[in-house]
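Novice: One structure, pasted below without further comment.
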Amino acid sequence: MDQTQLEPKGTSPPLTTPERPSKQVVKRWIQTHLDLLLKERKEEQDQTRLLLSKCPAKLLEREGLAILGLEVKGLRIGLGDKVLMELGRISALCSSSEVGLGSHGIRNGDLVLIEEDGGGGVVYKVLEDRITIAVSDRSSGGGRRKVSEGGEETNGESMMNKRGSIEQIELPERVRVVKVANEVTFDRMERNLERLAQILGVEVSSSFGRGSDGGDDEEDKKASKEENLVSGSSSVLNQVSPLISSLVGLSNPTWSKEKVQLPLPSFNSSLNPSQLSAISLALSSNHFCLIHGPPGTGKTTALVELIMQLALGGGGDKDLKILVCGASNLAVDNLLERIVCKTEHREALRRKGKGVTRLGHPARVLSGLQASTLDSQTVSSSEGQLVKDVTRELEEAMNSLRLPSPSDSTTTPGNKSKRNANSKRLRGAERRKRWEEVRELRKEYRKRERGVTKAVLDRADIVLSTCHGAGGKQLLGREFDYVIIDEACQALEAACWIPILKAKKDGKVILAGDHLQLPPTVKSTALFKESDDGKRDEGGGGKGKKEESKKKGGNGKEGTLTPSLAKEEDEDGASSGSEEEEEGSSGRKGGRGVGQLKPPRSLEETLFSRLLAMYGQGCKALLSIQYRMNEEIMSFPNQRLYRGKLEAHQSCKKIRLTDLEGFEGYRGDASVEGGQEEEEEEEVWNSPLVFYDTAGSDMLESEDSMEPNRTGGGGGVKGSKLNENEVEIVKRHVELLSSKGLDLSRVTILSPYSSQVGLISSRLRGMNKEGVRNLEIGTVDGMQGREKDVVILSLVRSNPEANVGFLKDKRRLNVAMTRARRQLVVVADSSTVGRAKVKFLTDWIHHLENEATVEVVATMDL
Numbered sequence: 000m001d002q003t004q005l006e007p008k009g010t011s012p013p014l015t016t017p018e019r020p021s022k023q024v025v026k027r028w029i030q031t032h033l034d035l036l037l038k039e040r041k042e043e044q045d046q047t048r049l050l051l052s053k054c055p056a057k058l059l060e061r062e063g064l065a066i067l068g069l070e071v072k073g074l075r076i077g078l079g080d081k082v083l084m085e086l087g088r089i090s091a092l093c094s095s096s097e098v099g100l101g102s103h104g105i106r107n108g109d110l111v112l113i114e115e116d117g118g119g120g121v122v123y124k125v126l127e128d129r130i131t132i133a134v135s136d137r138s139s140g141g142g143r144r145k146v147s148e149g150g151e152e153t154n155g156e157s158m159m160n161k162r163g164s165i166e167q168i169e170l171p172e173r174v175r176v177v178k179v180a181n182e183v184t185f186d187r188m189e190r191n192l193e194r195l196a197q198i199l200g201v202e203v204s205s206s207f208g209r210g211s212d213g214g215d216d217e218e219d220k221k222a223s224k225e226e227n228l229v230s231g232s233s234s235v236l237n238q239v240s241p242l243i244s245s246l247v248g249l250s251n252p253t254w255s256k257e258k259v260q261l262p263l264p265s266f267n268s269s270l271n272p273s274q275l276s277a278i279s280l281a282l283s284s285n286h287f288c289l290i291h292g293p294p295g296t297g298k299t300t301a302l303v304e305l306i307m308q309l310a311l312g313g314g315g316d317k318d319l320k321i322l323v324c325g326a327s328n329l330a331v332d333n334l335l336e337r338i339v340c341k342t343e344h345r346e347a348l349r350r351k352g353k354g355v356t357r358l359g360h361p362a363r364v365l366s367g368l369q370a371s372t373l374d375s376q377t378v379s380s381s382e383g384q385l386v387k388d389v390t391r392e393l394e395e396a397m398n399s400l401r402l403p404s405p406s407d408s409t410t411t412p413g414n415k416s417k418r419n420a421n422s423k424r425l426r427g428a429e430r431r432k433r434w435e436e437v438r439e440l441r442k443e444y445r446k447r448e449r450g451v452t453k454a455v456l457d458r459a460d461i462v463l464s465t466c467h468g469a470g471g472k473q474l475l476g477r478e479f480d481y482v483i484i485d486e487a488c489q490a491l492e493a494a495c496w497i498p499i500l501k502a503k504k505d506g507k508v509i510l511a512g513d514h515l516q517l518p519p520t521v522k523s524t525a526l527f528k529e530s531d532d533g534k535r536d537e538g539g540g541g542k543g544k545k546e547e548s549k550k551k552g553g554n555g556k557e558g559t560l561t562p563s564l565a566k567e568e569d570e571d572g573a574s575s576g577s578e579e580e581e582e583g584s585s586g587r588k589g590g591r592g593v594g595q596l597k598p599p600r601s602l603e604e605t606l607f608s609r610l611l612a613m614y615g616q617g618c619k620a621l622l623s624i625q626y627r628m629n630e631e632i633m634s635f636p637n638q639r640l641y642r643g644k645l646e647a648h649q650s651c652k653k654i655r656l657t658d659l660e661g662f663e664g665y666r667g668d669a670s671v672e673g674g675q676e677e678e679e680e681e682e683v684w685n686s687p688l689v690f691y692d693t694a695g696s697d698m699l700e701s702e703d704s705m706e707p708n709r710t711g712g713g714g715g716v717k718g719s720k721l722n723e724n725e726v727e728i729v730k731r732h733v734e735l736l737s738s739k740g741l742d743l744s745r746v747t748i749l750s751p752y753s754s755q756v757g758l759i760s761s762r763l764r765g766m767n768k769e770g771v772r773n774l775e776i777g778t779v780d781g782m783q784g785r786e787k788d789v790v791i792l793s794l795v796r797s798n799p800e801a802n803v804g805f806l807k808d809k810r811r812l813n814v815a816m817t818r819a820r821r822q823l824v825v826v827a828d829s830s831t832v833g834r835a836k837v838k839f840l841t842d843w844i845h846h847l848e849n850e851a852t853v854e855v856v857a858t859m860d861l
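Numbering (numbering that gives the first Met the number 0), first residue to last: 0 to 861.
Encoded structure:
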């Protein structure tokens with residue numbers, strides 16, 4: 000390992016010095032980001048529009064994207080002034096056995112439209128018979144509104160329709176809920192890129208407009224305006240902060256001239272030398288630092304230690320303000336859990352009076368961490384008592400305006416219904432008067448809540464949020480000494496700039512991730528092309544991947560997928576990555592030089608990768624000891640992607656399935672050593688690396704159609720591939736493991752293709768085996784950041800032409816082959832995959848043929 004990474008010597012690490020960009024280069028770089036964001040936004044809009052306009056409501060319901068036949072059961076005010084609408088089945092239209100919501104794919108935190116009503120919001124809670132939504136705008140026009148992550152409107156109107164038509168607002172008798180995409184992220188990314196352009200003194204154009212960001216009062220608008228009025232010259236690039244200057248290549252990042260020790264004794268005594276080295280390099284950085292965390296190397300552990308060191312001792316006598324962000328809510332919650340749920344951390348923070356606050360909609364935060372959310376803290380704080388009386392009055396006023404539902408009626412002979420006298424709806428002047436009362440109460444609520452929110456955030460030394468959430472109104476005008484972004488390689492660069500622009504002028508940024516795993520999910524295939532004379536050209540292409548969302552997230556449950564309107568990437572449209580990426584080269588083809596600020600070719604090019612390309616290995620620390628995989632599973636990705644720098648920790652180096660109690664051949668705590676004679680069957684069920692080779696067996700792939708539910712739950716994607724014979728091989732291996740006593744909750748079945756996932760799910764759910772319901776089945780993309788004891792991978796592709804589609808993307812394969820702890824099972828056609836014109840693939844097949852336990856499969860065997 001590079002000695003600079005292990006122990007900073009008091010001088011800056013060796014860096015590549017990039018060519019200083021001109022104003023024109025900087026302008027082109029930002030403008031290209033904006034143009035690619037526009038194309039991505041339009042792609043999402045087109046997909047959502049097509050889904051809602053072309054698909055019948057019944058089909059949406061069958062595919063898990065909608066719940067029909069609902070009525071309003073009640074209204075109340077939730078955390079953060081959020082109006083919570085509780086919906087359930089219409090009682091008069093269903094029997095007592097049909098009151099449940101049935102099977103659907105709508106989960107907490109999803110954005111939804113409340114159709115027949117025109118409003119929208121965020122799913123707050125899902126029960127068997129009820130769904131609660133934090134509603135947003137509900138104007139009388141009935142138009143569909145965009146909603147933010149916080150469940151707030153984005154067009155400047157409040158829920159009460161301030162523009163004068165409040166008397167027309169009614170709650171409908173019957174509604175349906177439809178899952179939709181969110182566009183507010185684009186608004187925030189665009190606004191922050193425009194602000195960056197202002198800071199750098201360049202002018203860019205934007206092709207799409209924005210609404211408000213959920214801040215519908217004058218104070219929020221004023222704060223937002225002030226935050227965007229940046230100082231500095233409009234004609235030179237020399238007056239930007241040192242941090243921003245280093246991030247765009249105007250000046251090199253630097254490190255402390257003296258060796259930096261941990262300010263406090265380590266909170267985690269088990270940290271290894273590479274983790275300590277990464278923390279030391281981050282603490283010595285004057286601008287930014289990259290922490291490269293390959294699979295299973297304890298990246299989160301190192302980040303938590305870094306956060307604790309900074310919060311409790313990093314500033315000396317000065318209290319540091321730290322903004323911790325992640326590419327996803329799960330990444331943020333993972334960090335939060337490690338910080339507040341560990342007794343030593345919690346007590347140390349309490350003794351020093353350090354506050355920890357999690358921003359974001361409560362529906363998107365794990366239930367066990369709710370006490371750390373801003374909404375919860377505002378309610379439980381001493382200042383929060385000021386808003387309770389207003390909340391109660393507001394709830395009473397809102398429910399008095401609720402349209403009586405069919406369940407409020409009494410049934411008379413002849414099946415005629417009559418409204419109860421006490422459920423009479425307010426009308427005319429009385430109704431208008433009550434709406435005015437609600438408006439005034441909400442105004443008072445927001446005024447008091449702003450004061451409480453400010454008080455809570457003033458006490459917070461560590462603030463956690465998604466990159467997108469850092470752009471919310473709660474942090475307007477606030478600055479931080481450190482900005483730490485986890486999973487930075489899964490976040491768009493434009494999204495990373497949202498928290499980065501919250502850093503002080505002398506602030507520092509720490510980015511953590513692995514650029515050799517999957518990049519951000521991008522739906523648009525738009526590519527930026529640059530000719531030799533430097534002129535911009537935009538064209539189609541296939542760099543972007545169009546992956547579908549899982550019906551059920553990474554929670555160990557069924558992984559069937561919602562249908563995607565985008566055709567999966569195939570053949571030449573796949574992204575294969577670059578052989579030089581891991582060594583800090585540009586990772587870009589077509590003569591794009593190392594160390595230069597260049598417009599991104601697609602939105603998949605992340606800030607982490609760009610900085611590594613510009614400055615080389617000197618700006619990063621590699622975490623080199625992994626705690627997940629058996630060394631045989633680790634071997635190939637280690638040699639081909641990480642240049643042999645990874646080392647398996649002793650705790651996982653020799654682990655096997657026979658180490659698990661209850662599994663046949665259980666050996667207690669003893670590790671399984673190599674060189675042991677075993678029968679052929681035992682090698683298959685116990686070997687760390689198994690390869691079922693279907694070459695020469697005519698187990699050819701096929702293409703799915705758009706027929707709903709053809710693959711049993713979730714439907715197919717046109718152009719998506721499947722391979723029925725591989726499903727039978729997967730099923731047979733699952734039965735083998737089950738017969739040996741393995742708990743199937745330890746098994747995950749993955750495939751790069753959604754239709755194959757649906758087919759596997761359908762076939763295996765029908766197995767008459769105990770515990771089969773605990774099997775996790777999903778796409779490779781949905782497994783990033785997670786692990787299981789056994790991973791069975793069906794590659795699907797089998798054809799005479801040796802077409803392998805997006806198997807060309809070695810980052811996707813890297814995720815697939817590094818999820819397993821004790822056994823990785825690969826089902827593939829070596830004659831197809833091994834003949835692909837992709838060296839990484841052919842080398843992998845060669846490795847499997849030589850190092851794995853190989854089972855040659857014939858059709859007659861199935």
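Glycine included, each C-beta is placed from N, C-alpha and C at the ideal position. Predicted model, so just to flag it, every value in this text is computed and none were measured.
Alpha carbon to alpha carbon, how far is Asn813 from Thr831? Give it in angstroms, no decimals.
Specialist: About 19 Å.
Novice: Where do the ends of the beta strand (DSSP E) carrying Arg731 lie?
Specialist: Looking at the DSSP string, Arg731 is not in any beta strand (DSSP E); the run it does join, the alpha helix (DSSP H), is 723-738.
Novice: Kindly indicate the opening and closing residues of the beta strand (DSSP E) around His291.
Specialist: Start and end: 287-291.
Novice: How about Glu700 and Asn724: are their beta carbons less than 7 Å apart?
Specialist: Against a cut-off of 7 Å, the Cβ pair of Asn724 and Glu700 comes out as no contact.
Novice: Does the contact criterion of 3 or more C-beta pairs under 8 Å hold for the stretch 282-301 versus the stretch 596-614?
Specialist: Taking 8 Å as the limit for Cβ pairs, the verdict is that the stretch 596-614 does touch the stretch 282-301.
Novice: Roughly how many angstroms separate the alpha carbons of Phe266 and Gln274, rounded to a whole number?
Specialist: The straight-line gap from Cα to Cα measures roughly 13 Å.
Novice: Could you pull out every residue in the same chain whose Cβ sits closer than 7 Å to the Cβ of Val455, ignoring the five residues on either side in sequence?
Specialist: The residues are Thr356, Leu373, Gln376, Thr377, Ser380.
Novice: Report the CB separation of Val176 from Ala326 in whole angstroms; it is logged as a contact under 8 Å.
Specialist: 27 Å between Cβ atoms; not a contact.
Novice: Tell me, to the nearest whole angstrom, how far the beta carbon of Ala620 is from that of Leu280; I am working on the premise that it is less than 8 Å.
Specialist: So it is a contact: roughly 5 Å between Cβ atoms.
Novice: Have a look at Arg818, Ile198, Leu35, Ile338 and flag the residue whose alpha-carbon is nearest the alpha-carbon of Gly367.
Specialist: Nearest option by C-alpha distance: Ile338.
Novice: May I ask you to report which of helix, strand or coil DSSP gives Cys266?
Specialist: The residue asked about is misnamed: residue 266 is Phe in this sequence, not Cys. Residue state, collapsed to three classes: coil.
Novice: Give me the Cα-Cα distance between Asp485 and Val323, rounded to the nearest whole angstrom.
Specialist: So the two alpha carbons sit approximately 8 Å from each other.
Novice: Exposed or buried, Gly427, counting other C-beta atoms within 10 Å across all chains shown (16 or more means buried)?
Specialist: Its Cβ having fewer than 16 others within 10 Å, Gly427 is exposed.
Novice: Let me know the secondary structure DSSP gives Ile499 once reduced to three states.
Specialist: Here Ile499 sits in helix by DSSP.
Novice: Give the C-beta separation of Pro636 and Arg821 to the nearest angstrom, bearing in mind that I take them to be a contact with Cβ-Cβ under 8 Å.
Specialist: Pro636 to Arg821, Cβ: 16 Å. No contact.
Novice: How would you label Gly315, buried or exposed, when you count the other beta carbons within 10 angstroms and need 16 or more for buried?
Specialist: Label assigned to Gly315: exposed.
Novice: Under 7 Å, do Val826 and Ile728 count as touching if we go by C-beta distance?
Specialist: Contact flag set, yes.
Novice: For the beta strand (DSSP E) containing Tyr691, name the first residue and the last one.
Specialist: Its beta strand (DSSP E) spans residues 688-692.
Novice: Return yes when the Cβ of Arg666 is within less than 7 Å of the Cβ of Glu786, no when it is not.
Specialist: Not closer than 7 Å, so no.
Novice: Tell me whether the stretch 730-738 and the stretch 831-840 touch, counting them as touching only if at least three CB pairs, one residue from each stretch, are closer than 8 Å.
Specialist: Result no; under three Cβ-Cβ pairs closer than 8 Å.
Novice: Decide if the stretch 837-851 is in contact with the stretch 737-753; the criterion is three or more beta carbon pairs, one per stretch, under 8 Å apart.
Specialist: Not touching, per the Cβ criterion.
Novice: Out of Gln30, Met307, Leu110, Leu302, which has the shortest C-alpha to C-alpha gap to Arg194?
Specialist: Taking only the C-alpha atoms, the option nearest Arg194 is Gln30.
Novice: Indicate the three-state DSSP secondary structure (helix, strand or coil) for Leu847 in the structure shown.
Specialist: DSSP places Leu847 in helix when its eight states are reduced to three.
Novice: Assuming Val331 and Thr465 are in contact, meaning their beta carbons sit under 8 Å apart, how far apart are those beta carbons, in whole angstroms?
Specialist: The pair is a contact, with the Cβ atoms about 6 Å apart (cut-off 8 Å).
Novice: For Gln473, is the classification buried or exposed, using 16 other Cβ atoms within 10 angstroms of its Cβ as the cut-off for buried?
Specialist: The residue is buried, with at least 16 neighbouring Cβ atoms inside 10 Å.
Novice: What's the gap between the Cα of Leu763 and the Cα of Met698?
Specialist: Between Leu763 and Met698, the C-alpha separation is close to 19 Å.
Novice: Rounded to whole angstroms, what's the CA-CA distance from Arg445 to Val247? Just pull it up for me.
Specialist: Approximately 39 Å between the Cα atoms of the pair.
Novice: Ends of the alpha helix (DSSP H) at Tyr444?
Specialist: It spans 427-458 - the alpha helix (DSSP H) in which Tyr444 sits, taken as one unbroken run.
Novice: Quick check on Ser21: buried or exposed, where buried means 16 or more other Cβ atoms within 10 Å of its Cβ?
Specialist: Label assigned to Ser21: exposed.
Novice: Does the separation of the CB atoms of Leu282 and Leu463 fall below 7 Å?
Specialist: Result no, Cβ atoms of Leu282 and Leu463 do not sit closer than 7 Å.
Novice: Measure the CB-CB distance between Ile497 and Ala469 and report whether it falls below 7 Å.
Specialist: Yes; because the gap between Cβ atoms is below 7 Å, this pair is in contact.
Novice: Measure how close the beta-carbons of Gln516 and Cys488 come, nearest whole angstrom, since I'm counting them as under 8 Å.
Specialist: 7 Å between Cβ atoms; contact.
Novice: Here's the rule I'm using: 16 or more other beta-carbon atoms within 10 Å means buried, otherwise exposed. How should Ser371 be labelled?
Specialist: Burial call: buried.
Novice: Mind checking who Leu863 pairs with in its DSSP beta bridge?
Specialist: What the structure shows of the chain is the stretch from 0 to 861, and residue 863 is not part of that stretch, so it cannot be assessed.
Novice: Check Glu42 in the structure and name its three-state DSSP category.
Specialist: Glu42: helix per DSSP, three-state reduction.
Novice: What residue does the beta strand (DSSP E) around Ser793 start on, and which one ends it?
Specialist: Taken as a continuous stretch (DSSP letters only), the beta strand (DSSP E) holding Ser793 covers 787-793.
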